[in-house]
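Below is one structure; the comments refer to it alone.
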Amino acid sequence: MRKVIIIGSGPAGFTSAIYAARANLEPLLIASSVEVGGELMNTTDVENYPGFPDGIQGPELMAKFQAQAEKFGTEVVYDDVTSLSLDGPVKSVTLGSGAVHEAQAVIYATGSAYRKLGIEGEERLSGYGVSWCATCDGFFFREKTIAVVGGGDSAMEEATFLTRFASKVYVIHRKDTLRASKIMQERAFANEKIEFIWHSEVAEITGGDAVNGVILRSTTDGTSRELALDGVFVAIGNDPRTHLVHDKLALTAEGTIQVDGRSSRTSVPGVFAAGDVIDPTYRQAITAAGSGTVAALDAEHYLADFDDASVEVPAAEAAAVIA
Amino acid sequence: MSAKVTSQATFEQDVLQADGPVLVDFWAEWCGPCRMVAPVLDQIQAENPDKITIVKLNVDENPELAMKYQITSIPAMKVFQGGEVKTTIIGAKPKPALEQDLAAFIG
Chain A
4 MRKVIIIGSG PAGFTSAIYA ARANLEPLLI ASSVEVGGEL MNTTDVENYP
54 GFPDGIQGPE LMAKFQAQAE KFGTEVVYDD VTSLSLDGPV KSVTLGSGAV
104 HEAQAVIYAT GSAYRKLGIE GEERLSGYGV SWCATCDGFF FREKTIAVVG
154 GGDSAMEEAT FLTRFASKVY VIHRKDTLRA SKIMQERAFA NEKIEFIWHS
204 EVAEITGGDA VNGVILRSTT DGTSRELALD GVFVAIGNDP RTHLVHDKLA
254 LTAEGTIQVD GRSSRTSVPG VFAAGDVIDP TYRQAITAAG SGTVAALDAE
304 HYLADFDDAS VEVPAAEAAA VIA
Chain B
8 MSAKVTSQAT FEQDVLQADG PVLVDFWAEW CGPCRMVAPV LDQIQAENPD
58 KITIVKLNVD ENPELAMKYQ ITSIPAMKVF QGGEVKTTII GAKPKPALEQ
108 DLAAFIG
């Protein structure tokens with residue numbers, strides 16, 4: 004049995020692995036099969052991660068996180084968790100390969116997934132002009148007219164990035180103010196290829212084999228109009244990935260995993276959560292990394308108590324307590 | 008066993024004229040999910056050497072083919088048989104999901 008298993012391979016997961024490994028907890032980190040590194044793998048320049056004054060590429064930053072975690076003895080497994088058993092003193096984690104790993108503590112850091120618009124045409128045209136990854140797909144929209152839906156940092160970043168390829172980038176937003184940081188807003192406002200469409204939401208994405216436009220609906224008077232487009236990039240935020248634990252751990256009204264105060268302690272003893280999966284507000288690489296640190300320290304503390312308990316309580320009584 | 012590399016010059020021979028099914032992995036260096044799915048495709052190739060041939064096509068170096076097959080999102084995996092596209096898979100997926108999508112060829 005392991006001391007601790009970490010689920011997730013973004014900034015929170017790898018930072019908790021660095022701390023846990025340095026505390027000799029010999030962590031096993033389940034990194035997923037095709038999403039290793041998490042959300043930063045789909046970004047280009049990261050300019051706000053301290054320590055990199057000239058910026059760093061998202062994938063390169065995550066490679067460094069991983070190298071640092073592995074240097075201190077983290078074992079990384081490239082597989083997906085299919086089910087979890089979290090109650091009691093021994094937690095078990097089942098992987099896609101069928102392998103089952105057991106540990107005294109689990110750190111849950113699965114991050115968040117792109118939020119969908121949930122409208123007609125979105126699923127059907129996904130990969131045929133509807134995209135969630137500007138860095139992957141922007142290349143295919145050279146000299147095309149496209150739209151980014153959303154008003155946060157990631158929407159501004161995508162819109163600005165996409166002007167490298169597209170001839171015209173509309174930003175469609177429900178309000179007339181942006182959630183995005185000032186610097187990202189100003190960069191987008193200054194870009195001549197970007198045009199803002201305020202007070203509007205996308206009611207439908209249209210097209211046969213590929214996107215040919217959207218139907219816009221005004222959020223002020225409800226009127227609709229069509230807008231011809233070659234592509235739609237959706238950047239309306241993320242939802243915490245809790246599908247494996249929603250019936251096992253208490254969640255908040257926002258859908259994140261509930262933790263005790265400023266700690267990472269979930270509603271189940273020995274299970275800690277970190278990163279975007281507990282954070283409905285800040286969702287930065289650096290806050291996720293900080294949260295990963297908290298989880299590793301909380302897990303270390305829990306395991307120390309666990310060891311003390313097993314030393315002090317005679318075997319027969321310990322068995323009774325566990326039963 | 009790693010997937011073989013194809014290009015505009017060899018596409019006809021590697022893919023369109025091939026006897027059995029050929030999966031073409033449309034990818035690029037700058038695409039994170041493409042790099043993630045590459046080793047999974049290598050595994051599928053290694054486990055099914057006689058059933059399917061997997062080849063990689065760099066869209067940066069071969070934009071004409073990316074345009075011809077209307078690629079707008081990568082990774083895009085298209086299975087060709089008899090010169091025609093039989094199946095299209097878009098986006099990086101875990102191995103069991105890819106195996107399910109490819110069941111008609113490797114099942």
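So the protein lines, in turn, are chains A and B.
Its first residue numbered 4, the first sequence is counted upward by one per residue in the working numbering.
Its first residue numbered 8, the second sequence is counted upward by one per residue in the working numbering.
We put the CB at the ideal spot given by N, CA and C, even for glycine.
Coil, strand or helix - A:T180 by DSSP = coil
query = Does the beta carbon of A:A307 sit closer than 9 Å to a beta carbon anywhere in chain B?
reply = no
query = Taking the Cβ atom as the reference point for each residue, do A:L32 and A:I59 lie within a distance shorter than 9 Å?
reply = no
request  = For A:S12, verify whether its CB is less than 8 Å away from any heavy atom of the ligand ATP.
outcome  = As for the ligand ATP, it is missing from this structure, which has no ligand bound.
request  = Look at the alpha carbon of A:A326 and the alpha carbon of B:P101, and state the distance between them as a whole number of angstroms.
outcome  = For A:A326, the predicted structure reports a pLDDT of 44, less than 50, and the residue's modelled location is therefore unreliable. A value from the coordinates is still provided. For A:A326 and B:P101, the distance between alpha carbons rounds to 37 Å.
task = Give, in chain order, every residue of the region 77-94 of chain B whose Cβ lies closer than 9 Å to some Cβ of chain A.
result = Q77, I78, T79, S80, I81, P82, A83
inquiry  = 9 Å is my cut-off, CB to CB: does A:G155 come that close to chain B?
reply    = no
ask   = Any contact of the region 72-92 of chain A with the region 42-60 of chain A, i.e. 3+ C-beta pairs under 8 Å?
value = no
key: Ordered list of beta strand (DSSP E) runs contained in the region 18-101 of chain A, each at least 3 residues   = 31-33, 78-80, 84-88, 94-98
inquiry  = Contact criterion: CB-CB distance below 9 Å. Does A:S134 meet it with respect to chain B?
reply    = yes
ask   = Mind checking A:S227: buried by the 16 CB within 10 Å criterion, or exposed?
value = exposed
task = Could you please tell me which residues of the region 98-114 of chain B, in chain order, have their CB closer than 7 Å to any CB of chain A?
result = G98, A99, K100, P101, K102, P103
task = Rounded to whole angstroms, what's the CA-CA distance from A:E160 to A:T18? Just pull it up for me.
result = 25 Å
key: Segment contact flag, the region 228-238 of chain A with the region 141-161 of chain A, C-beta cutoff 8 Å, min 3 pairs   = yes
inquiry  = Does the CB of A:D212 have a neighbour CB from chain B at under 9 Å?
reply    = yes
request  = Within its chain, find whatever has a CB closer than 7 Å to the CB of B:E68; leave out the 5 residues flanking it on each side and keep chain order.
outcome  = S14
message = Just to make sure I have the definition right: I need the residues of chain B whose C-beta is within less than 9 Å of the C-beta of A:F142. Which are they?
response = A35, W37, C38, V66, D67, P70, A73, I81
A:R182 versus A:A158: straight-line alpha-carbon distance, rounded = 10 Å
request  = State buried or exposed for A:M65, treating a residue as buried only when at least 16 other CB atoms are found within 10 Å of its CB.
outcome  = buried
task = Show which residues of chain B have a CB atom less than 8 Å away from the CB atom of A:G234.
result = T79
inquiry  = Please report the distance separating the alpha-carbon of A:G76 from that of A:A15.
reply    = 17 Å
query = List, in order along the chain, the chain B residues whose C-beta lies closer than 8 Å to that of A:N45?
reply = G39, P40
task = Please list, in chain order, all residues of the same chain as B:D108 whose beta carbon is under 6 Å from its beta carbon, the five residues on each side excluded.
result = I96
Identity of the residues DSSP links to B:W34 by a beta bridge = B:N65
B:V62 vs B:K11 beta-carbon contact at 9 Å = yes
Sequence ranges, alpha helix (DSSP H) only - wholly within the region 174-225 of chain A, length at least 4 = 185-193
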